[in-house]
Every structure is written in structure tokens, then in C-alpha cells.
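Just below is one structure, and these are the notes that go with it.
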Amino acid sequence: QVLSITCDNASNNNTMVEALGDSDTLPFFDGQASRTGCFAHIVNLVAKSLLRQFDPPKRKANNDDGPDDD
963 QVLSITCDNA SNNNTMVEAL GDSDTLPFFD GQASRTGCFA HIVNLVAKSL LRQFDPPKRK
1023 ANNDDGPDDD
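Per the working numbering, the sequence shown starts with residue 963, numbered consecutively.
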């Protein structure tokens, strides 16, 4: 019996879970309702998002190397 699947948030995992939910061989598996996100992966995504806010802003690349000498 398969009651739940733990996986990250990749779209191919959504497809797999939906296919398993439609399968008649797993009567107790209810598709997306039986899916659990990997807690460590979710914490990693949240931490990266929070830390990204402290990164220095990226400078736009331009062709000016200094003041014009015209």
C-alpha cells in the first residue's frame, strides 16, 4: 500500500502523483491529497529567498568606463 509520497516541488513530481492517483492499482492513494512536500527542501527555498534580500544590488553593465573626455 502507498498512502503518501514525499517529494520536492518539481513539476514532474506533480505529473507522477496525478498519474498514481488515477491508477486503479493504488486504491488508498488520493493523488495530490496524498502528496507531502519535503520539509528540508521547503526550508531551503525559504532560507534562500530570505538571504537573497541581503545580497548587494547588481550593477547594470554599461559601456561607460568613466567620464567622457570629449
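For every residue, glycine included, the Cβ atom is placed at its ideal position computed from N, Cα and C.
T968 carries a strand assignment under DSSP once its states are collapsed to helix, strand and coil.
Secondary structure at R1021: coil, using DSSP grouped into helix, strand and coil. Note on geometry: alpha-carbon atoms of G999 and A981 lie some 17 Å from one another. Just so you know, the alpha carbons of I1004 and K1022 end up roughly 31 Å apart. If you compare the alpha carbons of G983, Q1015, K1020, K1010 with that of S996, the shortest gap goes to G983.
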